[in-house]
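Asker: So the sequence lines, in the order shown, correspond to chains A and B.
So for the first sequence, the numbering used here puts the first residue at 1; every next one is plus one.
So for the second sequence, the numbering used here puts the first residue at 296; every next one is plus one.
Every residue, glycine too, gets a C-beta built ideally from N, C-alpha and C.
From a predicted model like this one, the values you see are computed outputs, not experimental measurements.
So that we are looking at the same thing, I have put the structure below in structure tokens.
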Amino acid sequence: MLKHTYALALRRAEPILQDGWARLGRLDPRYPVSFLITLILVLGEARYGILGGYSRLIIALGTSVATELLLSRWLRGRFANVASAYITGISLALLIKPRADLLWPFALGGFLAIASKYVLQYRGRHLWNPSNFAISLLLVAAPASVAILSHQWGNELATNAVIWCFGLLIVSRVRMLHVTLTYVVCFIVFALVRIWTVGGPLLAEIAPITGPMYQLFIFFMVTDPKTTVSTVRGRMIVAGCVALAEAAIRLAADYHVAALSALYPAPPILALAIVGPLANVVDLRKSRVVPLVSA
Amino acid sequence: MTLPSWRRGAVVASFLLAIALVIALNGRAERGTADSDTPGFHFSEVAHQVGIDFLHHGPTLDRKLDNIAPLVGALGASVSVADVNNDGWPDLYFTNSRFGQPNALYINRGDGTFADSASVAGIANVNRPGEGVSMGAVWGDYDNDGLEDVLIYKWGYPQLFKNMGNLRFKDVTVAAGLHQWMNSNGAVWFDYDRDGLLDLYVTSYFRSDIDLWHLKTTRIMENSFEFASNGGGHRLFHNLGNGRFEDVTDKMGVGSKRWTLAVAAGDFNGDGWPDLFLANDYGPEELYLNDHGRRFVLSRVGLENDSKSGMSATLGDVMNRGRLDAFVTNISEPGYLFQGNNLRLNFLPELGRFQQAAEGALVDAGWAWGAQLGDLDNDGRNELFIANGYVSADRDKSYWYAMSKIAGANGNVFEDAKTWPAIGSASLSGYERSRVLVNRGLTGWKDVAAAVGVTDEYDGRAVALVDLFNRGVLDVVVANQNQPALVYKNSVTPGNHWIEFKLVGTHSNRSAIGAEVTVETSAGRQLRIVDGGMGFASQNDRRLHFGLGQATQVDRVAIRWPSGTVQTLERVGVDQLHTITEPGSPR
Numbered sequence: 001m002l003k004h005t006y007a008l009a010l011r012r013a014e015p016i017l018q019d020g021w022a023r024l025g026r027l028d029p030r031y032p033v034s035f036l037i038t039l040i041l042v043l044g045e046a047r048y049g050i051l052g053g054y055s056r057l058i059i060a061l062g063t064s065v066a067t068e069l070l071l072s073r074w075l076r077g078r079f080a081n082v083a084s085a086y087i088t089g090i091s092l093a094l095l096i097k098p099r100a101d102l103l104w105p106f107a108l109g110g111f112l113a114i115a116s117k118y119v120l121q122y123r124g125r126h127l128w129n130p131s132n133f134a135i136s137l138l139l140v141a142a143p144a145s146v147a148i149l150s151h152q153w154g155n156e157l158a159t160n161a162v163i164w165c166f167g168l169l170i171v172s173r174v175r176m177l178h179v180t181l182t183y184v185v186c187f188i189v190f191a192l193v194r195i196w197t198v199g200g201p202l203l204a205e206i207a208p209i210t211g212p213m214y215q216l217f218i219f220f221m222v223t224d225p226k227t228t229v230s231t232v233r234g235r236m237i238v239a240g241c242v243a244l245a246e247a248a249i250r251l252a253a254d255y256h257v258a259a260l261s262a263l264y265p266a267p268p269i270l271a272l273a274i275v276g277p278l279a280n281v282v283d284l285r286k287s288r289v290v291p292l293v294s295a
Numbered sequence: 296m297t298l299p300s301w302r303r304g305a306v307v308a309s310f311l312l313a314i315a316l317v318i319a320l321n322g323r324a325e326r327g328t329a330d331s332d333t334p335g336f337h338f339s340e341v342a343h344q345v346g347i348d349f350l351h352h353g354p355t356l357d358r359k360l361d362n363i364a365p366l367v368g369a370l371g372a373s374v375s376v377a378d379v380n381n382d383g384w385p386d387l388y389f390t391n392s393r394f395g396q397p398n399a400l401y402i403n404r405g406d407g408t409f410a411d412s413a414s415v416a417g418i419a420n421v422n423r424p425g426e427g428v429s430m431g432a433v434w435g436d437y438d439n440d441g442l443e444d445v446l447i448y449k450w451g452y453p454q455l456f457k458n459m460g461n462l463r464f465k466d467v468t469v470a471a472g473l474h475q476w477m478n479s480n481g482a483v484w485f486d487y488d489r490d491g492l493l494d495l496y497v498t499s500y501f502r503s504d505i506d507l508w509h510l511k512t513t514r515i516m517e518n519s520f521e522f523a524s525n526g527g528g529h530r531l532f533h534n535l536g537n538g539r540f541e542d543v544t545d546k547m548g549v550g551s552k553r554w555t556l557a558v559a560a561g562d563f564n565g566d567g568w569p570d571l572f573l574a575n576d577y578g579p580e581e582l583y584l585n586d587h588g589r590r591f592v593l594s595r596v597g598l599e600n601d602s603k604s605g606m607s608a609t610l611g612d613v614m615n616r617g618r619l620d621a622f623v624t625n626i627s628e629p630g631y632l633f634q635g636n637n638l639r640l641n642f643l644p645e646l647g648r649f650q651q652a653a654e655g656a657l658v659d660a661g662w663a664w665g666a667q668l669g670d671l672d673n674d675g676r677n678e679l680f681i682a683n684g685y686v687s688a689d690r691d692k693s694y695w696y697a698m699s700k701i702a703g704a705n706g707n708v709f710e711d712a713k714t715w716p717a718i719g720s721a722s723l724s725g726y727e728r729s730r731v732l733v734n735r736g737l738t739g740w741k742d743v744a745a746a747v748g749v750t751d752e753y754d755g756r757a758v759a760l761v762d763l764f765n766r767g768v769l770d771v772v773v774a775n776q777n778q779p780a781l782v783y784k785n786s787v788t789p790g791n792h793w794i795e796f797k798l799v800g801t802h803s804n805r806s807a808i809g810a811e812v813t814v815e816t817s818a819g820r821q822l823r824i825v826d827g828g829m830g831f832a833s834q835n836d837r838r839l840h841f842g843l844g845q846a847t848q849v850d851r852v853a854i855r856w857p858s859g860t861v862q863t864l865e866r867v868g869v870d871q872l873h874t875i876t877e878p879g880s881p882r
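Have a look at this one:
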């Protein structure tokens, strides 16, 4: 009897789920991504107090949204959708771990992230993922004040598994799964190459990708539809190049190359900050796309 | 210029301005804010000059830990102060941490020099295979015979030495019931049930079933960098009064599994019963409130958030409120990690919680270890001395990047020591300078280390404050890992007054550990506590030192003895040491 009821419920639910799945696919990608980052925020804060104070969130989010509204109205004569600024604000609140008493990195980070979309453009498109730009800039220009999210995530497999499940689901619906998977595969391949080159425990080289910084990187930065190139093949090549640049940074760190030490705290984020814009410029030049007004 | 391009220009200018602001603000954070006032004190490093030539040797461990041996074995330098021979001059005890290397007991000759008498006293050669190595020591008169005894906590079996007088000590560990293997980095004497006998709380860092010289597994490390709960299992030993101690850990509810590096005891909620404050590595601090000596309650008092790499538990009246606050050192490394130091202002009686108040120079002191609060210039306000630096090896190689690879990983990866990248000859937060912070009131804390002559870059661990030469000023003794101990002799600009108290318990434990003294002058009030171990791997002079600034009279002195007796003294003379015996007939 129970089995029959269960089967019936499943049959009835199936079209609803299918319909929901299809609707998800048609949604502006920013909305499911907003949902995912909100999930990470709520989960991280409830379980680990990951924010380190709500003032950080309020400032990062407030500055990002306000800058978006202000600049869009000022330069384009209309208010932009703030979903992108929302994602940026939360990303900054999660990823920036400054000296305990400093709040300015969130304010300036939020402003610079959103302003970069309006200032650093090529053929009408912005080149950097906003939070990637702001975090990279803060890490390189303000290392005495800013660090990056590293271990403030409890180091638990279960929490990571939840993020990965939702993350994979959402990037697949926003048609960016190929980017995530390409990057992950390349990361692992290059990790093996690094081990072969410099030695060391395998798990230590693979370990970073299970960390919280990478979860945000893989699901929100490297897959950002607004700052990826136009073709699937191209995006996969770019993801591979990001992983390659990251591997180069890591190798430099393994050999203690002092000149590049500013890049060592967050190799993937800085690798994307280097490779991403270059790839976009090449792509825009090559494809000669009609200038796109970026959201 | 058309309107849109003018607007765009304004946005570009704002953008560039914001970048410039980032650089400027970072520069300010890097430099700190300048202190315009000249400090009213200056240190001279005199260790060798006064006959203290102690060199610490870190432990050598099981070869299975070779890849990270410098990290794991980076503990063990400690210093504690006691008047071992009751001659009125404070003596110093330093621990060593390698098999065959002796601990040192520097007896203060009273003429400005010291002589190591540990070997003669029988407390030198305690670092032996099969028994473990010293990590620190705390002194207290556990049998109330008027002589300070010592508990040496170890990675191994702790050892309790009874002071027999005439500079002779007897190992009574087994008879006392303390012969339990622990990997301990902290211990504190305190009388939790106020029966007049000192009890003992010993913390563990690594689990107690681990023998670091004969590992059965390499899965010995923390299972989380912020929420680890696979640490040692601490022990509370109740003093039965017949030379024996009873393990009451489970009964009293204080068996934390955190990776505790430091513990201190004090009455935080003002109920007259000493509580336990734990500074935990890889986890939040913990406060066990003492429920009238019947049990301890792990309390949610605002310690759950903020930095979670606690290294040192330092107690003191930070704001001269007559309240015991806590300062907990943590870890900061530019670009990688900002686990700032925590200053926990005590609002337990009013709000039931601590308030985090660290800011400015107080927040970031590098990889900070031991710290002590004391009035170094006798102006009536506390200064802070903080020892820093973890592993100083090759200056051009840093292990921070390698460690960051596994820091975010899942716990079961880095719990296994063999998955950690090899450190080789790299440093990890090495060559950091000690900090000396002065409290400038509204303008905050300022670092004056260089200005007052503290410029060493040793890997500092333990800090103890003591009026070493009985001059009415606090000197600073620092134990450094794998490096020489330092004695900073203090020269205070004349003009400020001071007062000191030596307390002798009668109903309370003879050492008066746990006694609180509040001094009131026209300038305000200050609280000090007689500590049974505080900071990291250290214990201060049990004589309490108060700077009085320009005050030439102390209006009132209130002593709250561990027994609960409150004694009040009025119009007490300044610029002298007062020996106060607890009132009432002895037990």
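What are the start and end residues of each continuous alpha helix (DSSP H) run of 4 or more residues lying completely inside the stretch 459-532 of chain B, in chain order?
Answerer: Listed in chain order, the complete alpha helix (DSSP H) runs (minimum 4 residues) inside the stretch 459-532 of chain B are 468-471.
Asker: Among the residues of its own chain, which have a CB less than 6 Å from the CB of N420(B), if the five just before and after it don't count?
Answerer: Counting from 1 along the second sequence, the entry for residue 420(B) is found at position 125. Within the same chain, N420(B) has close Cβ partners P397.
Asker: Quick one: is R11(A) near chain B, going by C-beta distance under 8 Å?
Answerer: Stepping through the first sequence from its first residue, residue 11(A) is reached at position 11. Cβ-Cβ to chain B under 8 Å: no for R11(A).
Asker: For the 8 Å Cβ check, are there 3 or more pairs between the stretch 342-355 of chain B and the stretch 655-667 of chain B?
Answerer: Contact fails: fewer than three Cβ-Cβ distances are below 8 Å.
Asker: To the nearest angstrom, how far is it from the Cα of P291(A) to the Cα of T228(A)?
Answerer: As a first step, residue 291(A) must be located in the first sequence, where it is residue number 291. As a first step, residue 228(A) must be located in the first sequence, where it is residue number 228. Interpretation of P291(A) is limited by its pLDDT of 48, a score under 50 that renders its predicted location unreliable; the figure taken from the coordinates is listed afterwards. One C-alpha to the other measures close to 15 Å.
Asker: Along the stretch 777-792 of chain B, where does the CB come closer than 9 Å to a CB of chain A? Name the residues.
Answerer: Residues passing the 9 Å Cβ filter: none.
Asker: If you reduce the DSSP assignment to three classes, tell me which class S627(B) lands in.
Answerer: Here the question's residue 627(B) lines up with position 332 in the second sequence. Correct three-state label for S627(B): strand.
Asker: In angstroms with no decimal places, state the Cα-to-Cα distance between L75(A) and R303(B).
Answerer: The sequence position of residue 75(A) within the first sequence is 75, counting from 1. The sequence position of residue 303(B) within the second sequence is 8, counting from 1. L75(A) and R303(B): Cα-Cα distance of roughly 7 Å.
Asker: Taking G739(B) as the reference, give the member of L798(B), V658(B), D670(B), N683(B) with the closest Cα.
Answerer: By 1-based counting over the second sequence, the position of residue 739(B) is 444. Comparing Cα-Cα distances from G739(B) to each of L798(B), V658(B), D670(B), N683(B), the minimum goes to V658(B).
Asker: Work out the CA separation of F501(B) and D488(B) for me, nearest whole Å.
Answerer: In the second sequence, counting from the first residue as 1, residue 488(B) sits at position 193. In the second sequence, counting from the first residue as 1, residue 501(B) sits at position 206. Near 28 Å, if we compare the C-alpha coordinates of F501(B) and D488(B).
Asker: Check the Cβ of T210(A) against every Cβ in chain B and list those closer than 8 Å, keeping chain order.
Answerer: Start at 1 with the first residue of the first sequence, and residue 210(A) comes out as number 210. Neighbours of T210(A) on chain B, chain order: G703, A704, N705, V708.
Asker: Roughly how far, in whole angstroms, is the beta-carbon of I188(A) from the beta-carbon of I170(A), given that I think they are within contact range, below 8 Å?
Answerer: In the first sequence, residue 188(A) corresponds to position 188, counting from 1. In the first sequence, residue 170(A) corresponds to position 170, counting from 1. About 22 Å; that fails the 8 Å criterion.
Asker: Under 8 Å between beta-carbons, which chain B residues line up against A245(A)? List them in chain order, please.
Answerer: For the purposes of this step, residue 245(A) is taken as the residue at position 245 of the first sequence. Within chain B, no residue comes near A245(A); the closest Cβ sits about 16 Å away, beyond 8 Å.
Asker: Could you have a look at H352(B) and say whether DSSP puts it in helix, strand or coil?
Answerer: Taking the first residue of the second sequence as position 1, residue 352(B) is located at position 57. Reduced to three states, the DSSP call for H352(B) is coil.
Asker: Would you list, in chain order, the members of the stretch 706-731 of chain B that have their beta-carbon closer than 7 Å to a beta-carbon of chain A?
Answerer: So the close ones are G706, V708, K713, T714, W715, P716, A717.
Asker: For S145(A), which residues in chain B fall below 7 Å Cβ to Cβ?
Answerer: Working through the first sequence from its first residue, we reach residue 145(A) at position 145. Residues of chain B passing the Cβ test: L320, N321, A324.
Asker: Just how far apart, CA to CA, sit T794(B) and A482(B)?
Answerer: Counted from its first residue, the second sequence places residue 794(B) at position 499. Counted from its first residue, the second sequence places residue 482(B) at position 187. Residue identity check: residue 794(B) is Ile in the sequence provided, not Thr. Between I794(B) and A482(B), the C-alpha separation is close to 29 Å.
Asker: I need the boundaries of the alpha helix (DSSP H) containing H178(A), first residue and last residue.
Answerer: As a first step, residue 178(A) is located in the first sequence; it is residue number 178 there, counting from the start. Unbroken alpha helix (DSSP H) run through H178(A): 177-198.
Asker: Can you list, in chain order, the residues of its chain with a C-beta nearer than 8 Å to that of M296(B)? Leave out the 5 residues immediately preceding and following it.
Answerer: Residue numbering aside, residue 296(B) sits at position 1 when the second sequence is read from its first letter. Low per-residue confidence applies at M296(B): pLDDT is 44, beneath 50, and the placement is therefore not dependable, though the value from the model is reported in the following sentence. Cβ within range, chain order: G304.
Asker: According to DSSP, simplified to helix, strand and coil, what is M296(B)?
Answerer: Working through the second sequence from its first residue, we reach residue 296(B) at position 1. Residue placement at M296(B) is flagged as unreliable, the pLDDT there being 44, under the threshold of 50; the coordinate-derived value follows with that caveat. Coil, per DSSP.
Asker: Any Cβ of chain B within less than 8 Å of the Cβ of P297(A)?
Answerer: Missing from the structure shown is residue 297(A); chain A here goes from 1 to 295 and no further.
Asker: Which bits of chain B does G60(A) rub up against, with CB to CB less than 8 Å?
Answerer: Within the first sequence, numbered from 1, the residue matching residue 60(A) stands at position 60. For the sequence presented, residue 60(A) should be read as Ala rather than Gly. Here the premise fails: no neighbours, minimum Cβ distance about 14 Å.
Asker: According to DSSP, what are the bridge partners of F540(B)?
Answerer: The count along the second sequence starts at 1 and reaches residue 540(B) at position 245. BP columns for F540(B) point to N534(B).
Asker: Within the 8 Å Cβ cut-off, does K117(A) reach chain B?
Answerer: In the first sequence, residue 117(A) corresponds to position 117, counting from 1. No, because no Cβ of chain B sits closer than 8 Å to the Cβ of K117(A).
Asker: Along chain A, in chain order, which residues have C-beta atoms closer than 8 Å to that of V596(B)?
Answerer: Taking the second sequence and counting its residues from 1, the one referred to as residue 596(B) is at position 301. Simply none; closest approach about 15 Å.
Asker: Would you say the stretch 699-713 of chain B touches the stretch 301-320 of chain B, given that touching needs at least three Cβ pairs under 8 Å?
Answerer: Contact between the stretch 699-713 of chain B and the stretch 301-320 of chain B is absent, because fewer than three Cβ pairs lie under 8 Å.
Asker: Suppose you measure from the CA of S373(B) to the CA of A702(B); what does that come to, to the nearest Å?
Answerer: Counting from one through the second sequence, the residue named residue 373(B) turns up at place 78. Counting from one through the second sequence, the residue named residue 702(B) turns up at place 407. Rounded to the nearest angstrom, the two C-alpha atoms are 28 Å apart.
Asker: With 8 Å as the threshold, decide whether the Cβ of V293(A) is near any Cβ in chain B.
Answerer: For the purposes of this step, residue 293(A) is taken as residue 293 along the first sequence, with counting starting at 1. Bear in mind that a pLDDT of 42 at V293(A), under 50, signals an unreliable position, so the model cannot answer this.
Asker: So with Cβ pairs under 8 Å, would you call M296(B) a contact of chain A?
Answerer: Against the second sequence, residue 296(B) aligns to sequence position 1. The pLDDT assigned to M296(B) is 44, lower than 50, so where the model puts this residue is not dependable; a value taken from the coordinates is nonetheless given after this. It does not: the Cβ of M296(B) has no partner Cβ on chain A nearer than 8 Å.
Asker: If I measure Cβ to Cβ from C241(A) and keep anything under 8 Å in the same chain, skipping five residues before and after, which residues do I get?
Answerer: As a first step, residue 241(A) must be located in the first sequence, where it is residue number 241. V275, A279.
Asker: For the candidate residues Y388(B), D357(B), N804(B), whose alpha-carbon lies nearest to that of H509(B)?
Answerer: Here residue 509(B) refers to the residue found at position 214 when the second sequence is read from its first residue. If we check each option's Cα against that of H509(B), D357(B) comes out closest.
Asker: Chain B beta carbons: is any one of them nearer than 8 Å to that of D101(A)?
Answerer: Along the first sequence, one-based indexing puts residue 101(A) at 101. So yes, D101(A) belongs to the interface.
Asker: Have a look at H533(B), N636(B), V613(B), G617(B) and flag the residue whose alpha-carbon is nearest the alpha-carbon of A574(B).
Answerer: By one-based count along the second sequence, residue 574(B) stands at place 279. Of the candidates H533(B), N636(B), V613(B), G617(B), the one whose C-alpha sits nearest the C-alpha of A574(B) is N636(B).
Asker: Let me confirm a value: E246(A) is counted as buried when at least 16 other C-beta atoms fall within 10 Å, else exposed. Which label applies?
Answerer: Here the question's residue 246(A) lines up with position 246 in the first sequence. When all chains shown are included, E246(A) counts as buried.
Asker: Can you confirm whether D506(B), when its beta carbon is compared against all beta carbons of chain A, has any partner nearer than 8 Å?
Answerer: Position 211 of the second sequence, counted from the first residue, corresponds to residue 506(B). False, the Cβ-Cβ gap to chain A never drops below 8 Å.
Asker: With a threshold of 7 Å on Cβ separation, who are the neighbours of G427(B) within its own chain once the five nearest residues in sequence on each side are excluded?
Answerer: Within the second sequence, residue 427(B) is the residue found at index 132, counting from 1. Excluding positions up to five away in sequence, the list reads K449, W450, G451, Y452.
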